[in-house]
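Residue numbers (the UniProt record's numbering), protein chains in the order written: chain A, 1 to 342; chain B, 1 to 342. Glycine included, every Cβ here is placed at the ideal spot set by N, Cα and C. From a predicted model like this one, the values you see are computed outputs, not experimental measurements.
There are 2 protein chains.
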Amino acid sequence: MERLPTLEDVARVAGVSRATVSRVINNTRNVDPQLHEVVWNAVGATGYVPNRAARSLVTRRTGTVALVVSDAESHDDDPFMSRFFADPYFGRVVGGLMSVLRPAGQQLALQIVGTEDARARLVGDLRQGQSDGVVVLSLPPHDTLPRMLTDASLPAVMIGRPADPVPISYVDLANDTGAALAAEHLVARGCQRVGLISGPVDVPASQDRITGFRRAMARRGHAFVPSVAGNFTHDSGEAGAARLLADHPDLDGLFVANDLMAQGALLALRDAGRRVPDDVAVVGFDDSSAALAARPALTTVRHPLEDMAAESARLLLARIDDPSQRVTSVIYEPTLVVRGSA
Amino acid sequence: MERLPTLEDVARVAGVSRATVSRVINNTRNVDPQLHEVVWNAVGATGYVPNRAARSLVTRRTGTVALVVSDAESHDDDPFMSRFFADPYFGRVVGGLMSVLRPAGQQLALQIVGTEDARARLVGDLRQGQSDGVVVLSLPPHDTLPRMLTDASLPAVMIGRPADPVPISYVDLANDTGAALAAEHLVARGCQRVGLISGPVDVPASQDRITGFRRAMARRGHAFVPSVAGNFTHDSGEAGAARLLADHPDLDGLFVANDLMAQGALLALRDAGRRVPDDVAVVGFDDSSAALAARPALTTVRHPLEDMAAESARLLLARIDDPSQRVTSVIYEPTLVVRGSA
DNA sequence: CGGCGAGCGGAGAGCGCTCTCCCGTCGTGC
DNA sequence: GCACGACGGGAGAGCGCTCTCCGCTCGCCG
Chain A
1 MERLPTLEDV ARVAGVSRAT VSRVINNTRN VDPQLHEVVW NAVGATGYVP NRAARSLVTR
61 RTGTVALVVS DAESHDDDPF MSRFFADPYF GRVVGGLMSV LRPAGQQLAL QIVGTEDARA
121 RLVGDLRQGQ SDGVVVLSLP PHDTLPRMLT DASLPAVMIG RPADPVPISY VDLANDTGAA
181 LAAEHLVARG CQRVGLISGP VDVPASQDRI TGFRRAMARR GHAFVPSVAG NFTHDSGEAG
241 AARLLADHPD LDGLFVANDL MAQGALLALR DAGRRVPDDV AVVGFDDSSA ALAARPALTT
301 VRHPLEDMAA ESARLLLARI DDPSQRVTSV IYEPTLVVRG SA
Chain B
1 MERLPTLEDV ARVAGVSRAT VSRVINNTRN VDPQLHEVVW NAVGATGYVP NRAARSLVTR
61 RTGTVALVVS DAESHDDDPF MSRFFADPYF GRVVGGLMSV LRPAGQQLAL QIVGTEDARA
121 RLVGDLRQGQ SDGVVVLSLP PHDTLPRMLT DASLPAVMIG RPADPVPISY VDLANDTGAA
181 LAAEHLVARG CQRVGLISGP VDVPASQDRI TGFRRAMARR GHAFVPSVAG NFTHDSGEAG
241 AARLLADHPD LDGLFVANDL MAQGALLALR DAGRRVPDDV AVVGFDDSSA ALAARPALTT
301 VRHPLEDMAA ESARLLLARI DDPSQRVTSV IYEPTLVVRG SA
């Protein structure tokens with residue numbers, strides 16, 4: 001294995017000192033334009049690429065941002081976490097983050113934390129400087145990680161608000177408004193008997209959708225909204241709809257807290273002989289690919305996840321640049337996308 | 001910002017030299033068991049965490065593996081790559097990789113390469129030691145990246161065989177066998193007029209499925225298989241089925257090269273008034289979540305993607321450990337999962 | 001009982017980079 | 001014409017770690 005060119009090599013070729021080459025490459029201080037060019041030529045000639053490790057040893061910057069995904073149910077030795085990773089949610093977030101991080105020259109490193117032990121290790125590694133900052137995704141309710149991160153004063157941004165009040169920046173969707181949009185649409189359609197299939201009751205995003213929906217319905221005179229809770233999976237949507245239908249056969253409208261469950265609900269509705277949207281109107285949430293794949297295509301609440309992820313990356317970078325920056329939050333407004341199901 | 005404890009600090013607390021602490025932590029050479037304990041206590045007391053940058057500066061190891069995702073169609077400044085990331089395919093691979101890398105103490109860093117320029121930059125960064133090895137995923141046909149990687153003698157493993165012959169290790173599925181499984185199933189069912197919706201004709205995995213299917217059909221006397229090519233998306237499956245049906249109204253069997261397209265095909269079939277599986281039997285490929293979400297649930301070829309990703313991680317780690325290791329390939333055998341659609 | 005080798009700890013170099021400090025060379029103002 | 005400041009380049013320390021080399025202390029054999 002031949003030795004890779006170092007700054008020293010470039011300096012020798014360019015006939016200048018290491019310091020000058022470093023200055024040219026990093027664009028710090030003014031350097032004679034002529035030398036500037038000489039140096040760049042030498043860089044090209046030698047095929048020099050800065051050594052990341054050496055650089056971060058002295059700058060205390062790694063050029064890496066960690067995406068922390070928490071899966072409380074999985075253990076460290078759990079073979080797969082397909083459940084979560086297979087969800088388009090994950091990919092959309094990654095895509096959004098990358099769109100900002102890549103141009104900024106930052107890498108994205110995946111970190112999965114299952115056990116409490118893994119959390120402690122993670123925070124240790126991060127404090128140590130494994131990465132410059134953290135984007136936290138999909139935490140179980142009442143997770144201690146956000147607190148640990150702020151306590152260690154690590155630059156961190158959450159996607160989705162924390163369940164407990166913690167002074168941490170986050171980007172979120174106005175879930176309540178989105179749910180209200182769904183409610184208004186169903187009511188405007190003339191639905192009289194509207195049901196709700198919610199997500200887990202202890203997840204903030206889910207709670208907001210529930211309260212937002214209930215409140216909007218109440219405001220329109222619908223005091224009682226029969227509901228069941230699912231867990232955001234296709235199957236739980238199917239099961240939830242079946243249960244709801246059994247208890248309330250006169251249902252003519254349904255709000256389902258995400259598209260995957262809505263897709264499942266559509267199946268249960270069909271099995272029960274209900275036509276959508278004629279007998280029962282269905283509104284989903286997320287505007288994910290499942291919404292388009294469903295038949296009829298889902299009327300759903302659009303969730304600009306990619307934009308939100310990109311924004312969280314921007315927030316994080318700003319905070320890394322200037323750690324004194326205030327904790328802040330950015331809330332995105334959802335919109336209703338009307339398709340065939342309602 | 002207070003200074004983080006270094007090896008030196010631990011050494012002082014333990015009353016030994018830096019070298020000894022290093023030996024204890026890395027478990028190199030024998031160290032007096034008593035000292036061993038003293039050192040670990042000191043580590044605990046100081047809250048010491050090794051500095052990754054400093055370590056990799058001297059070991060030339062980063063503890064990071066890159067997952068390179070190539071998207072020729074996207075540019076460096078393309079806002080999102082939702083198309084790809086939103087596909088469960090990506091998440092399943094990540095999950096499989098993590099299951100091996102995490103226990104091995106390796107990070108996973110995401111790298112996206114669009115332009116040729118980005119490829120060159122990537123190889124430079126990698127040679128430089130940005131990461132210890134590379135898992136290459138989803139390359140466009142005739143991509144030069146595999147060759148660049150082998151030329152730079154970087155440890156690399158591909159998921160899916162390279163389109164051009166390149167001496168690079170890879171993990172793949174016996175796509176032809178899988179397609180043959182589908183063919184046999186359709187024929188055994190009594191289908192007389194079987195169509196094929198394939199993937200892009202220049203993607204190796206897709207080619208293998210086409211040839212495998214054709215050959216198996218021919219072997220059973222079905223000389224002609226009407227077919228159209230899609231691009232693995234839901235919509236292209238729907239469009240493909242519609243086209244096929246228009247040209248060959250007597251179709252009674254259909255093999256679709258992935259589940260997403262098959263799900264789309266199911267819709268087209270329904271729109272055309274065909275019942276599945278009674279009028280037309282449909283077999284998909286991948287056994288992804290879409291297979292279960294479809295109605296009827298898809299009979300499909302199971303693709304153990306998580307296992308394959310995990311295996312590729314193992315291959316890569318082995319190669320990183322011993323770069324002299326031969327180039328190798330591991331081929332997984334698919335199985336048929338029979339559900340409602342055929 | 002002396003010599004030799006195995007085993008274990010310490011000293012110190014050095015990985016490749018940045019950045020402070022210093023020095024030389026101008027341009028400018030009085 | 002001289003002092004002074006501004007500016008650009010070089011020397012060198014040092015980031016935190018690993019690892020080679022060396023030396024000490026044993027145990028064991030002749």
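Closest to residue i by CA distance: which of the options is it?
i                      : options                    : result
residue 181 of chain A : A:156, A:206, A:213        : A:213
residue 276 of chain B : B:93, B:289, B:262, B:157  : B:262
residue 285 of chain A : A:69, A:43, A:300          : A:300
residue 60 of chain A  : B:3, B:203, B:184          : B:3
residue 288 of chain A : A:16, A:90, A:279, A:140   : A:90
residue 109 of chain A : A:190, A:126, A:11, A:308  : A:126
residue 98 of chain B  : B:161, B:313, B:222, B:281 : B:313
residue 128 of chain A : B:47, B:35, B:143          : B:47
residue 113 of chain A : A:123, A:104, A:176        : A:123
Which of helix, strand or coil does DSSP assign to residue i?
i                      : result
residue 263 of chain B : helix
residue 192 of chain B : coil
residue 111 of chain B : strand
residue 143 of chain A : coil
residue 236 of chain A : helix
residue 315 of chain B : helix
residue 330 of chain B : strand
residue 70 of chain A  : strand
residue 274 of chain B : coil
residue 126 of chain A : helix
residue 80 of chain A  : The pLDDT assigned to residue 80 of chain A is 39, lower than 50, so where the model puts this residue is not dependable; a value taken from the coordinates is nonetheless given after this. Residue 80 of chain A: coil per DSSP, three-state reduction.
residue 280 of chain B : coil
residue 93 of chain A  : helix
residue 203 of chain B : coil
Is residue i buried or exposed, if buried means 16 or more other CB atoms sit within 10 Å of its CB?
i                      : result
residue 51 of chain B  : buried
residue 323 of chain B : exposed
residue 342 of chain B : buried
residue 224 of chain B : exposed
residue 130 of chain A : buried
residue 107 of chain A : buried
residue 165 of chain A : exposed
residue 152 of chain B : exposed
residue 326 of chain B : exposed
residue 27 of chain A  : exposed
residue 210 of chain B : buried
residue 168 of chain B : buried
residue 175 of chain B : buried
residue 102 of chain B : buried
residue 340 of chain B : exposed
residue 331 of chain A : exposed
Using the beta-carbon of each residue, which ones in chain B are nearer than 9 Å to residue i?
i                      : result
residue 62 of chain A  : 52, 53
residue 234 of chain A : 289, 292, 293
residue 207 of chain A : The premise fails here: residue 207 of chain A is roughly 26 Å from chain B at the closest Cβ pair, so nothing lies under 9 Å.
residue 263 of chain A : 293
Name the chain B residues that come within less than 8 Å of residue i, Cβ to Cβ?
i                      : result
residue 127 of chain A : 4, 49
residue 57 of chain A  : 51, 53, 54, 57
Check the Cβ of residue i against every Cβ in chain B and list those closer than 7 Å, keeping chain order.
i                      : result
residue 112 of chain A : 98, 102
residue 130 of chain A : 52
residue 343 of chain A : This structure cannot speak to residue 343 of chain A, because chain A is shown only from 1 to 342.
residue 124 of chain A : 49
So with CB distances below 8 Å, who are the chain A contacts of residue i?
i                      : result
residue 267 of chain B : 295
residue 108 of chain B : 109, 110
residue 24 of chain B  : Under the 8 Å cutoff, chain A gives no residues; its nearest Cβ is about 17 Å from residue 24 of chain B.
Which residues in chain A have a C-beta closer than 7 Å to the C-beta of residue i? List them in chain order.
i                      : result
residue 325 of chain B : The contacting residues do not exist; residue 325 of chain B stays about 15 Å from chain A at best.
residue 283 of chain B : Result: empty, since nearest Cβ-Cβ is about 18 Å, beyond 7 Å.
Name the chain A residues that come within less than 9 Å of residue i, Cβ to Cβ?
i                      : result
residue 301 of chain B : Result: empty, since nearest Cβ-Cβ is about 17 Å, beyond 9 Å.
Query raised in the report: Should the segment 140 to 149 of chain A be called in touch with the segment 263 to 273 of chain A, which here means at least 3 C-beta pairs below 8 Å?
Result: no
Query raised in the report: Quick check: the segment 11 to 21 of chain B against the segment 302 to 316 of chain A, are there 3 or more CB pairs under 8 Å?
Result: By the Cβ criterion, the segment 11 to 21 of chain B is not in contact with the segment 302 to 316 of chain A, since fewer than three pairs of Cβ atoms, one from each stretch, lie closer than 8 Å.
Query raised in the report: Can at least three beta-carbon pairs, one atom from the segment 226 to 238 of chain B and one from the segment 184 to 198 of chain B, be found at a separation below 8 Å?
Result: The segment 226 to 238 of chain B makes contact with the segment 184 to 198 of chain B, as at least three CB pairs between them are under 8 Å.
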